[in-house]
Amino acid sequence: MIRKSHASDAPFVAAIYNHYVTSSIVTFELEPVTDDEMRNRMDAIAINYPYLVYEEDGVVLGYAYATQWKARQAYQHSVESSVYLHHDAIGKGIGSMLYAMLLDKFKEMSIHAVIGGISLPNEASIALHEKFGFEKIGQFKQVGRKFNRWIDVGYWELILSK
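Per UniProt numbering, the sequence shown starts with residue 1, numbered consecutively.
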């Protein structure tokens with residue numbers, strides 16, 4: 001079931017996210033996030049943007065959300081989207097379900113452009129974005145450093161309204 005997130009989801013969301021913090025280049029954070037910090041982040045985002053979770057048998061297995069692309073007012077119709085899955089839930093279609101609902105919410109909000117930043121390499125994330133029609137629009141070389149190596153970040157964009 002996909003639903004709007006609740007404050008009580010923060011420990012699940014933090015656990016999912018922290019797996020990527022400590023074991024991958026998917027996020028550029030270097031230290032795990034506390035449940036309280038994650039709750040604060042979720043609450044701040046949910047004021048203006050959707051924050052969705054996929055729950056199965058009382059356990060959150062994935063989440064998706066959006067943030068404003070940039071702070072200047074002219075960017076108000078553009079968002080950056082994120083989807084994270086529990087590492088045991090990958091390949092079950094949960095990411096696609098979350099992204100589909102997130103994109104529907106964006107259309108209701110009159111969001112025009114959706115941007116996905118992907119640290120590279122990340123074939124699964126690229127495939128998910130391109131499945132929904134995102135196109136690669138650029139790549140920054142060596143903008144992050146994690147696990148003693150430089151990491152590129154690519155950007156994919158989807159225009160929702162013509």
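Just so you know, even glycine gets a beta-carbon here, dropped at the ideal spot from N, CA and C. The structure displayed is predicted, hence computed values, not measured ones.
Cα separation between VAL114 and ASN148? 31 Å
Using 8 Å as the threshold, is the stretch 41-49 in touch with the stretch 134-144, meaning 3 or more CB pairs across them? no
First and last residue of the uninterrupted beta strand (DSSP E) at LEU120: 113-120
Please tell me whether TYR63 and TYR84 are closer than 8 Å, where the distance is taken between their beta carbons. yes
Say whether the stretch 52-61 touches the stretch 8-25, bearing in mind that this needs 3 or more beta-carbon pairs closer than 8 Å, one atom from each stretch. yes
Exposed or buried, TYR51, counting other C-beta atoms within 10 Å across all chains shown (16 or more means buried)? buried
Check for me: the alpha helix (DSSP H) holding ILE16 runs from which residue to which? 10-23
Using a Cβ-Cβ cut-off of 8 Å (strictly less than) and excluding sequence neighbours within five positions of VAL153, which residues of its own chain qualify? GLY117, ILE118, SER119, LEU120, GLN139, PHE140, VAL143 and GLY144
Host beta strand (DSSP E) of PHE140 (start-end): 135-146
If you follow the alpha helix (DSSP H) that GLU37 is part of, which residue opens it and which one closes it? 35-46
According to DSSP, ASP57 sits in a beta bridge with which residue or residues? DSSP output for ASP57 lists no bridge partner at all.
Can you tell me which of SER110, ILE16 and ARG3 puts its alpha carbon nearest to the alpha carbon of ALA89? ILE16
Would THR67 pass as a contact of VAL53 if the rule is Cβ separation under 8 Å? no
By Cβ distance below 6 Å, which residues in the same chain neighbour TRP156 in space, the five residues on each side in sequence not counted? GLY116, HIS129, PHE134 and LYS136
GLU108 versus HIS77: straight-line alpha-carbon distance, rounded: 12 Å
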